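With this note's numbering, letter number 34 in the sequence shown gets 40, and the count goes up by one each step, no holes.
Note that CB positions come from ideal geometry on N, CA and C, so glycine has one too.
Just so we're clear, the structure is a prediction, and the values are computed from it rather than from any experiment.
Down below is the structure, laid out as structure tokens.
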Amino acid sequence: MTSRERVQTNLVSKIVGHYMMLPRDTEDLTQKIAQHLTTEYRRTIQANLNLYGCQKLVMGPDQESLLWIQAKAAKDATSIANTYLRELTNKVASLRKSNVRGNRFYYMRALDAWSAKRDGYKIQSIALNTATAARQYAQARFVEENNIQGRWLFTGPPPVCKICLRIKALGAVTWETTKKRPLPSHPNCPHAWQQLIPTKIECGDSTWTG
7 MTSRERVQTN LVSKIVGHYM MLPRDTEDLT QKIAQHLTTE YRRTIQANLN LYGCQKLVMG
67 PDQESLLWIQ AKAAKDATSI ANTYLRELTN KVASLRKSNV RGNRFYYMRA LDAWSAKRDG
127 YKIQSIALNT ATAARQYAQA RFVEENNIQG RWLFTGPPPV CKICLRIKAL GAVTWETTKK
187 RPLPSHPNCP HAWQQLIPTK IECGDSTWTG
């Protein structure tokens with residue numbers, strides 16, 4: 007390896023190191039995701055209490071839900087950091103291939119533009135997937151803890167993927183079936199299960215409120 011190649015390799019390593027997420031960044035992201043999950047969880051529980059005719063206020067997350075939120079947030083933050091590092095490394099390698107003589111300003115200009123464009127769609131996608139996961143989990147806890155019975159329907163815009171088309175074709179299903187065919191069924195899936203005929207639940211001390 008020539009001296010210039012060594013310099014370029016060191017430059018690439020420094021550029022990646024400058025733009026990569028540090029452990030404290032991942033920790034901050036974990037906390038933000040946990041807060042988002044908690045907000046959506048509580049909103050979903052309250053919406054279900056209202057739907058089923060109970061005037062109580064959401065009180066959660068309980069210990070079980072809190073553990074789920076913490077684990078989900080940590081897993082998602084780690085996955086996001088790993089994905090970002092992989093995409094960043096590939097982008098830097100592509101930039102080096104395009105201009106082997108590029109200096110640090112060349113990389114910084116290109117990466118600032120790449121990062122801004124990436125954030126434009128990645129942040130929105132992450133927020134959507136976080137919210138849907140929280141809603142799905144909160145609904146499942148509410149239904150099972152309050153022993154809600156009945157049939158469920160596929161709801162949302164007309165499906166276009168094969169997975170959602172097959173699920174919609176099932177028609178009204180039992181709660182057990184919804185657990186075998188969970189919605190959303192894939193990233194950015196806009197569909198959910200909704201009870202066909204919500205029936206008022208007993209609203210008292212034994213009602214689970216989150």
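The beta strand (DSSP E) spanning residue i covers which residue range?
i      : result
GLN201 : 198-201
THR161 : 158-161
Residue i and residue j look like a contact to me (Cβ under 8 Å); what is the Cβ gap, rounded to whole Å?
i      : j      : result
THR161 : GLN200 : 4 Å
LEU94  : VAL22  : 6 Å
ALA178 : LEU43  : Between LEU43 and ALA178 the Cβ distance is about 30 Å, and since that is not below 8 Å, they are no contact.
TYR47  : TYR143 : 7 Å
ALA119 : LEU101 : Between LEU101 and ALA119 the Cβ distance is about 11 Å, and since that is not below 8 Å, they are no contact.
MET27  : ALA87  : 5 Å
By a C-beta neighbour count over all protein chains shown, 10 Å radius and 16 as the cutoff for buried, is residue i buried or exposed?
i      : result
SER85  : exposed
PHE111 : exposed
ASN54  : buried
LYS97  : buried
THR205 : exposed
PRO193 : exposed
TYR25  : buried
TYR127 : exposed
How about residue i and residue j: do their beta carbons lie closer than 9 Å?
i      : j      : result
GLY108 : GLY216 : no
THR50  : GLN155 : no
ALA80  : THR136 : no
THR89  : ASN152 : no
LEU159 : PRO165 : no
PRO196 : PRO190 : yes
THR32  : ALA83  : yes
ARG147 : GLU70  : yes
ILE39  : LYS78  : yes
VAL18  : ALA99  : yes
List the endpoints of the continuous alpha helix (DSSP H) containing residue i.
i      : result
GLU208 : It is not in any alpha helix (DSSP H) - GLU208 carries neither H nor E in the DSSP assignment.
TYR58  : Element bounds for TYR58: n/a, residue is neither H nor E.
LYS78  : 69-104
Every unbroken alpha helix (DSSP H) within the stretch 115-194, with a cutoff of 4 residues, ordered by chain:
168-174 and 181-186
Going residue by residue through the stretch 17-44, where are the continuous alpha helix (DSSP H) segments of at least 4 residues, counting only ones entirely within it?
none
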